[in-house]
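Q:
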Amino acid sequence: MISARVRALENARQQLGLMLIIAIVAIGFTLQTIRFADAENLRNILLQASATTIAAIGMTFVLAARGIDLSVGSIANLTIALAVALAGTPLPAELSTATDALVYPVVIVFGIVLGLVNGALVNLSGVSALIITLGTLTLYRGLALHLTKASLIPLTGAILSFARTEVLGIDLPIWSMGFATVLGWYVLARMPIGRLVLAVGGSPRSATETGIAVWRVRAFVFALSGFCAAVSGLISVGRVGVLNSDLGFGFEFTVITAVALGGTSLFGGRASVVGTVLGAMLLTVIQNGLNLIGADPYIYDVVRGGILLGAVSIDAFVRGQRPMAVQMSD
Amino acid sequence: MTLAKSEKMARRAQPTRPTFLAQALHGMRKLPMLPVLVVACIAFYFTVDDFASASNIATMERFLAPLLVAAIGATFVFLVGEIDLSVGSVVSLSSVAAALVMRDSGSLWAGMLTGVAVGLGAGVINGAAVAVLRFPSFIHTLAMLLVVRAIGLLLTGGHSVGRLPISVLLFGKMSTLGFPNVLWIAAAVWIVFALLLRETVFGRELILTGANRRAARFNVVDVRQTVFWAFTISGTLAGLAGVIVVLRLGSGGPIVGDNLLLTTIAAIVLGGTSIQGGEGGLVRTLTGAAVIVLLDKGLNLLGLSFYDQAIVVGAVVIVGSIGGKYLARPR
Amino acid sequence: MGYSAESLLSLRQIKKSFAGVPVLRDVSLSVGRGEVVALVGENGAGKSTLKNIMSGLLGPDSGEIQLGKKVLFRLRVEDVKSFGIGTIHQELSLFDTLSVAENVSIAELPTKRGAVDRANIRQTAKELLNDLLEADIDPDAIVEDLSLGERQMVEIAKAIRISHSLLILDEPTTCLSIQERKHLFAVVKKLRSRGYGILYISHFLDEIYELSDRIVVLRDGVVVGEERADLLPIKTLSKLMVGRDLDESPEQPADLVPNSPVILSVRELSDASLIREVSFDLRAGEILGLGGLMGAGRSEIAEALLGLRESEGRVTVAGHQFMNRSPKAAIGRGLVLVSEDRRRDQAFLIRSLGENLVASHVRRLAQRLTGRVSHAAEVSNGRQIVLEFGVEPGRLSNQMISLSGGNQQKAIVGRWLAHKPQICVLDEPTKGVDIGARQAIHALIRDRASKGTAFILISSDLPELMALSHRILVLHKGRVASTIPRERFDAADIVQVASTGRLH
Amino acid sequence: DTTIGVSFDKIEPFRVAQKKAIEDAAKAAGVKVDFANADKDAQRQASQVDTMVSNKDAAIVAIPWDIEAAVNLAVTSIAAGIPFVSMDQAPADLKAVTYHIGGDPCTDGKVAGEYFVKAAAGKPFKLLELQGGLANDNGIKRSKCLNNAFVGHDNIKVVAQVPTDWNPEKALAGTENAMQAHPDLNGIYAPWNDALQGIFPVLKAKNVLLPVGDPKHIIIVSIDGTPLGCKAVKDRLIDLEIATPVPEMAKRAIDAAVKAANKQTISPQTEYLPGIPYGPDNVAEMAPKIWGCQS
Ligand SMILES: Nc1ncnc2c1ncn2[C@@H]1O[C@H](COP(=O)(O)OP(=O)(O)OP(=O)(O)O)[C@@H](O)[C@H]1O
Ligand SMILES: Nc1ncnc2c1ncn2[C@@H]1O[C@H](COP(=O)(O)OP(=O)(O)OP(=O)(O)O)[C@@H](O)[C@H]1O
Ligand SMILES: [Mg+2]
Ligand SMILES: [Mg+2]
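Those protein sequences? They're chains A, B, C and D, same order as listed. According to this note's numbering, the first sequence is numbered sequentially starting from 721. According to this note's numbering, the second sequence is numbered sequentially starting from 36. According to this note's numbering, the third sequence is numbered sequentially starting from 7. According to this note's numbering, the fourth sequence is numbered sequentially starting from 1074.
Written out as structure tokens, the structure reads:
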């Protein structure tokens, strides 16, 4: 029997591997330019990672429950577009300041609702989440572009302040990311719902047989993912100051990559929030460092691909130490 | 005492023969996009002028060909329970390589062979990494996506490669026996690989590996070899798809395949192949690819703005897959 | 029919069919407080389907269900939960990636300040597993690392944790050895005395008689008999189950051909974790039984022989040393393994029965040059296994998952025996299989042995082991504790060696 | 009535403006347009053009996505008797099309480069270059001709070339990171207006979003001439904007298409509308010529 301790160590090792890669990459960049390694750049990295990380934490839960949410980028876009459309409706003057402050609840609620729509469709139809969210990926984006007519919408007012506010000298997006990390870790690893998410993802059949309300767990993860996507949308537009039609395009890909790098299984039952955060960090650090050293644009993807290959090799090496009988199941 | 007298009631359950309708519905469970395909065809036939005209159909067939070929390859990877994200990039690189060789050597066939060889090479690398080194396919093929794409960009400086020998475009535009040449290629590929999948030991072992990898190993399937070949097929067919793109466009380019990644995955999963592996097939991929092409063209011809097209496509995907599932539910 | 006790759950005139094929026709059944009701019947009779209805997983097509005082058309998961019905499922309903403690309490995780109270669930798991069931399982272990037997114990603990009125056990002992069975029986009896109602589904008639107050016999979805256990002779029972008289002559393996050659020889086989210097010889036509408790390492020896587990030591097949072992290399030398965890290691649940039946030998059915699988050969092969092992329903296009548990087992055992191997390692060959099919499998093994096939038989079912084997190797903590020839077979001795490693 | 098929390479704010200009021009010319978006896919564009050919549209106006593939599209469509007009993005072989009306990405890049050279006035000058699409001809030329203008001016150092895929969020991160590495940055080249949305927040956060003329002002040159760009010029936030004359381009494209459809000859066969450079100092007088300044 493989002892519980060996198991725990193994999981830690995966994350250590990722940290090692991040460290190697960081040292490499620092050797190129010392400005990589100062506090200001740390802040840049964290800021640049925040939107991806938050959405990726939501995605971690979805994947853990054996689902997938391809619509995160579209949700980010559509929630903002809806908020803009609502704010654009002519209102009596005394109400307009009120609506300005209402923009956050509106965006958040829309995020959750769009996530719940995903969840409800998956629950009610029994069609795989991949197909449903492939549909909503297109549908939500179409709706968003229909609202904005694909043009660039400059934003003003409260909607921007989330990304531009500092609390105790640290930007709100960074706080949110930290908060999401701790909370996500706590919920997944410690709270009953986290265990249920892993249970449903590990074996939906067993979950049903045990009397777990599988549909409720699914609704929860999709709502959470919608919520996280909306928050990351707020961060993105807050930073850029405009809603452009490209917002969130291909976002699902980056987000899932971060989660997969972090060691979460794409087939459910195994997930790590900390791994996800590290995965998102690695992606951001690469991009940031390449910008900093002024790399040739054409070699960006070569470096990125090479580092990903390095990450999988380390991971494969770590897993290579496992006994044969266990390996058989991967 | 209630013993024995019910002996008579306990006669063997006669296996009732399923009716023809039940069988048809059962078959449909495996083709969730068939109803969508039928409905869409009928709807477009009546709403779009000349939808069924020979030239429009030929246009759709040419559009279908590379998507289908790439999706056939990727289906093998899905069936074995893995994923290949490098398809689009391999299509691009192979189109670049094929176009370069065609331009510089003037030979159509040399170019085509080069394109396919590039795909084969990428497939072998993917296969070796996933099957032998046991790299997780998602991350590994993602890395390949980036690297292969970058090679294409570096090779061309971002420019596409065109003005190829006239024979290229002639071959790509020509029809034989009423069907575009590129469709013939796709059809031949489809038949060969459908036979490989359905009729041969390799196909069977592939499916078993995808259905339960552990059990496959206990049942003396060489899982490594099977996974390796699945990736090799995927790479090679992506290479061939790149060649078809060159034939069709008369040029190759470092990003021509970018959109193909998402559309191949969409074609495969809409068709009804499971991403978990072990369940699916090429008829399904064909229906999935056909739906994508049909919607793309039909909605465009209807004159919807492109975002309203997106709304309709999204709704059709959702409603269609739910409807397909509902029609095929066990009764 | 005046059975006493106040009824907890009763089903009346339940009907259920799948895709038009009736599985339950007009079944009535009730379980009262403080009684153990045994539900028996052939594979595919509908027992698990009935269990699923009773545990709220399936709704009947018609009929009514009385739960306590409520009369319902179908049970919902909530009813089941609030009424306290716990179920042990034939195919285990565990979560591989969670810990033992979490599995046991998953249905109702206690919390402390919002977080799962881990000390609490660990304690619960300890109480149930270690104290009540006397199983030595670490509450913090991850379930996927447990052996099948251990998992079955966790499943039992999990069901007991949920249950506070009715406990349904669907073939709970298929992977348990004598010791664990004893503990389970003690627990069942204890619960009965506390007033629980218990529905016990099993193919082991001795268990049925030991535990049950009342026996209900199901055949083809109809209750064909219901009687107090002490009033129902075993002969009548088995006739009711299978609809014909069973051959009751004591089982005897064919005489071993004297001086038949040694076909497999194992020397000092050891692995990193459990197996210690195991050596034995196996002769053509011999049936060698491996006895021992759960965790004694029997399955591990089988895995090591096939190269599924890293090990040291020498294995010689037909005089040639067998290095670089793998299932594929093994099959080339005529050595096959029917492994114990069939759902995980053997079944392709989403594929058809036909594909499952020939999964291990498609290559033999293919043309050498083109690799094309002959459809006709595949069908005739499949049909033959279906007939020989009585797999029902035997339509080759049915999905494997729609077969009853026992029929899945029969199909997989049939798949491997169809190979006509020289050496066959059978790990729990008759688990989950009904008495008729069990006799058929036994007969087949004996017949094959008499024709020269050598068998290594691993079975937790001692009577089976003793009935079939020429010789029994009793293992204790990975070592061969004793080798007992057929003349000296004695159940008590074997149990003693298995549990202590010594005789007296 | 006459229908002209229009195939765009993609949809983005700038293209939305072009689309509107085309619709206006078509209305003025009394023709119908049938609009299709290739969404960054050469194959989809090919299939759209095929459809327009088989629909026997009177003429085709296309913004090519793949400049080599576009040559063949033009050849086939013209062979089928349908004039093919390319707009904005030049196909690889201009002789293949009936008529091309475009901006001049190389000249635009060169003008920008020369502006930086002049502004640097021989002193060391650190420049950040944001790049649009790595495989897009406009993007490549705007970059290449910028850098060609620096040949012989070693005082100008392009400290980073950041690939952005025309995405303002990537422009933002890229600017943030480049300014981290080079806090003493002197100039930024933003070859499309949306990039400014990514640049300004960073400059603002670093307190260097200062009007032209301020000693600490960072010199910015941008291309496009959208309302966004014009506003930035009016706010004196950027030094030079090179505006593409969108309505004029659309009008000429449609007019040429209509003419060709009526079998009239078109000459010249290729026209360039070089970008109109303007800055804060002359924006008032230039405004009437800049479409982005109209609103
Ligand atoms: N003392 C021990 N040391 C290490 N591992 C042990 C020990 N006891 C049990 N195990 C573990 O228990 C498992 C063996 O249990 P298993 O039930 O498969 O044994 P078995 O003899 O094959 O019995 P059965 O086939 O009846 O289940 C292995 O996974 C092994 O790692
Ligand atoms: N989901 C399903 N779809 C179709 N048929 C099914 C399904 N589930 C069960 N059956 C059929 O119902 C019948 C009864 O199955 P059930 O599992 O209840 O048998 P059982 O009495 O538990 O048998 P065993 O002793 O083998 O476990 C079998 O013939 C089986 O094939
Ligand atoms: Mg059963
Ligand atoms: Mg065992």
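Positions of the beta carbon are idealized from the N, C-alpha and C atoms, including for glycine. No experiment lies behind these values; they were computed from the predicted model shown.
Would the beta-carbon of residue 154 of chain B fall within 7 Å of that of residue 274 of chain B?
A: Reading the second sequence from its first residue, position 119 is the one you call residue 154 of chain B. Reading the second sequence from its first residue, position 239 is the one you call residue 274 of chain B. A contact, by the Cβ cut-off of 7 Å.
Q: Which word fits residue 75 of chain C, buried or exposed, when buried means at least 16 other C-beta atoms lie within 10 angstroms of its C-beta?
A: The sequence position of residue 75 of chain C within the third sequence is 69, counting from 1. Answer is exposed; the Cβ neighbour count stays below 16.
Q: So, does the CB of residue 1225 of chain D fall closer than 7 Å to a CB anywhere in chain A?
A: Reading the fourth sequence from its first residue, position 152 is the one you call residue 1225 of chain D. Taking Cβ atoms only, chain A never reaches closer than 7 Å to residue 1225 of chain D, which makes this a no.
Q: State the Cα-Cα distance for the pair residue 349 of chain C and residue 342 of chain C, rounded to the nearest angstrom.
A: For this step, residue 349 of chain C is matched to residue 343 along the third sequence. For this step, residue 342 of chain C is matched to residue 336 along the third sequence. For residue 349 of chain C and residue 342 of chain C, the distance between alpha carbons rounds to 17 Å.
Q: Can you find a heavy atom of ligand 3 that lies under 6 Å from the Cβ of residue 437 of chain C?
A: Counting from one through the third sequence, the residue named residue 437 of chain C turns up at place 431. Answer for residue 437 of chain C: no, Cβ out of range of ligand 3.
Q: Could you compute how far the alpha carbon of residue 815 of chain A sits from the alpha carbon of residue 823 of chain A?
A: Here residue 815 of chain A is taken as the residue at index 95 of the first sequence, counted from 1. Here residue 823 of chain A is taken as the residue at index 103 of the first sequence, counted from 1. Low per-residue confidence applies at residue 815 of chain A: pLDDT is 44, beneath 50, and the placement is therefore not dependable enough to give any value.
Q: Can you tell me the Cβ-Cβ gap for residue 100 of chain B and residue 279 of chain B, rounded? I've got them flagged as a contact below 8 Å.
A: Numbered from its first residue, the second sequence carries residue 100 of chain B at position 65. Numbered from its first residue, the second sequence carries residue 279 of chain B at position 244. Rounded, the Cβ-Cβ distance is 5 Å, consistent with contact.
Q: Using Cβ-Cβ distances below 7 Å, what residues of the stretch 741-770 of chain A are close to chain D?
A: Those would be 753, 755, 760, 761, 764 and 768, in chain order.
Q: Listed from N- to C-terminal order along the chain, which residues in the stretch 277-292 of chain B have their beta-carbon within a distance smaller than 7 Å of any beta-carbon of chain D?
A: Cβ contacts with chain D come from 280, 283, 284, 285, 286, 288, 289, 290 and 291.
Q: Closest to residue 850 of chain A by C-alpha separation, out of A/758, A/790 and A/764, would be which residue?
A: Reading the first sequence from its first residue, position 130 is the one you call residue 850 of chain A. Among A/758, A/790 and A/764, the Cα nearest to that of residue 850 of chain A belongs to A/790.
Q: Select from B/118, B/109, B/197 and B/215 the residue whose C-alpha is nearest the C-alpha of residue 178 of chain B.
A: Your numbering for residue 178 of chain B matches position 143 in the second sequence. Cα-wise, what sits closest to residue 178 of chain B is B/118.
Q: In three-state terms, what does DSSP make of residue 1202 of chain D?
A: Residue numbering aside, residue 1202 of chain D sits at position 129 when the fourth sequence is read from its first letter. It is a strand residue.
Q: Beta-carbon of residue 1085 of chain D versus every beta-carbon of chain B: anything under 7 Å?
A: Residue numbering aside, residue 1085 of chain D sits at position 12 when the fourth sequence is read from its first letter. Not closer than 7 Å to any Cβ of chain B, the Cβ of residue 1085 of chain D fails to qualify, so no.
Q: Between the Cα of residue 192 of chain B and the Cα atoms of B/81, B/69, B/290 and B/341, which residue gives the shortest distance?
A: Here residue 192 of chain B refers to the residue found at position 157 of the second sequence. Checking every option, the nearest Cα to that of residue 192 of chain B belongs to B/290.
Q: Taking C-alpha atoms, which residue in C/126, C/165 and C/247 lies nearest to residue 87 of chain C?
A: Against the third sequence, residue 87 of chain C aligns to sequence position 81. Residue C/165 is the option with its Cα nearest to residue 87 of chain C.
Q: Say yes only if the C-beta of residue 358 of chain C is nearer than 6 Å to one or more non-hydrogen atoms of ligand 2, and no if none qualify.
A: In the third sequence, counting from the first residue as 1, residue 358 of chain C sits at position 352. Outside the cutoff, so no.
Q: Residue 414 of chain C: which of C/352, C/383 and C/108 sits nearest, CA to CA?
A: Against the third sequence, residue 414 of chain C aligns to sequence position 408. Minimum Cα distance to residue 414 of chain C is reached at C/352.
Q: In chain order, what residues of the same chain have a beta carbon less than 8 Å from the beta carbon of residue 222 of chain C, not counting five sequence neighbours either side?
A: Looking up residue 222 of chain C in the third sequence gives position 216. Contacts found: 35, 43, 44, 45, 46, 229, 231 and 232.
Q: Going by DSSP, what residue range makes up the alpha helix (DSSP H) through residue 906 of chain A?
A: On the first sequence, position 186 is the one that residue 906 of chain A refers to. It spans 892-909 - the alpha helix (DSSP H) in which residue 906 of chain A sits, taken as one unbroken run.
Q: Does any C-beta atom of chain C lie closer than 7 Å to the C-beta of residue 990 of chain A?
A: As a first step, residue 990 of chain A must be located in the first sequence, where it is residue number 270. It does: the Cβ of residue 990 of chain A has a partner Cβ on chain C nearer than 7 Å.
Q: Is there a Cβ of chain A sitting closer than 7 Å to that of residue 332 of chain B, yes or no?
A: Taking the first residue of the second sequence as 1, we reach residue 332 of chain B at position 297. Residue 332 of chain B does not count as touching chain A.
Q: What residues in the stretch 252-263 of chain B have a beta carbon less than 7 Å from any beta carbon of chain C?
A: Correct list: 252, 253, 254, 255 and 257.
Q: Would you give the residue range spanned by the alpha helix (DSSP H) that residue 541 of chain C belongs to?
A: The structure shown does not extend to residue 541 of chain C, since chain C is modelled only from 7 to 510, so the question has no answer here.
Q: Who are the near neighbours of residue 896 of chain A in its chain, counting only those whose CB is closer than 8 Å to its CB and skipping five residues on each side?
A: What you label residue 896 of chain A is simply residue 176 of the first sequence in a count that begins at 1. Only 770, 774, 951 and 955 meet the Cβ criterion.
Q: Considering Cα atoms alone, identify which of C/401, C/226 and C/339 is closest to residue 50 of chain C.
A: The residue you call residue 50 of chain C lines up with position 44 of the third sequence. It is C/226 whose Cα lies nearest to the Cα of residue 50 of chain C.
Q: In chain order, what residues of the stretch 964-978 of chain A put their CB closer than 7 Å to some CB of chain D?
A: Cβ contacts with chain D come from 964, 965 and 966.
Q: How far does the alpha helix (DSSP H) with residue 109 of chain C in it reach, from first residue to last?
A: Taking the first residue of the third sequence as position 1, residue 109 of chain C is located at position 103. Note, residue 109 of chain C: alpha helix (DSSP H), 106-111.
Q: Take residue 115 of chain B and list the residues in its own chain whose beta-carbon comes closer than 7 Å to its own, dropping the five residues that flank it on each side.
A: As a position in the second sequence, residue 115 of chain B is number 80, starting the count at 1. Around residue 115 of chain B: 241, 244, 245, 261, 262, 265 and 312.
Q: Regarding residue 68 of chain C and ligand 3, is the C-beta to nearest heavy atom distance less than 6 Å?
A: Here residue 68 of chain C refers to the residue found at position 62 of the third sequence. No; taking the cut-off as 6 Å, the Cβ of residue 68 of chain C has no heavy atom of ligand 3 nearer than that.
Q: Could you tell me if the beta carbon of residue 410 of chain C falls within a distance shorter than 6 Å of some heavy atom in ligand 6?
A: Summarising the ligand content, the structure contains ligand 1, ligand 2, ligand 3 and ligand 4 and does not contain ligand 6.
Q: What residues from chain A crowd round residue 1207 of chain D, counting only those whose CB sits closer than 7 Å?
A: The count along the fourth sequence starts at 1 and reaches residue 1207 of chain D at position 134. In chain order: 1017 and 1018.
Q: Taking 7 Å as the threshold (beta carbon to beta carbon), is residue 46 of chain C in contact with chain B?
A: Walking along the third sequence from the start, residue 46 of chain C turns up at place 40. No, no contact with chain B.
Q: Under a CB-based cut-off of 7 Å, is residue 236 of chain B close to chain C?
A: Position 201 of the second sequence, counting from 1, holds the residue named residue 236 of chain B. Judged by the 7 Å Cβ criterion, residue 236 of chain B is in contact with chain C.
Q: Smallest Cα separation from residue 209 of chain C: which of C/438, C/261, C/468 and C/327?
A: Locating residue 209 of chain C in the third sequence gives position 203, where the first residue counts as 1. It is C/438 whose Cα lies nearest to the Cα of residue 209 of chain C.
Q: By DSSP, does residue 1295 of chain D sit in helix, in strand, or in coil?
A: If you number the fourth sequence from 1, residue 1295 of chain D lands on position 222. In the structure shown, residue 1295 of chain D sits in a strand (DSSP, three-state: E or B).
Q: With burial defined as no fewer than 16 other Cβ atoms inside 10 Å of the residue's Cβ, what is the status of residue 318 of chain C: buried or exposed?
A: Numbered from 1 along the third sequence, position 312 holds the residue referred to as residue 318 of chain C. The residue in question, residue 318 of chain C, is exposed, as its Cβ has fewer than 16 Cβ neighbours within 10 Å.
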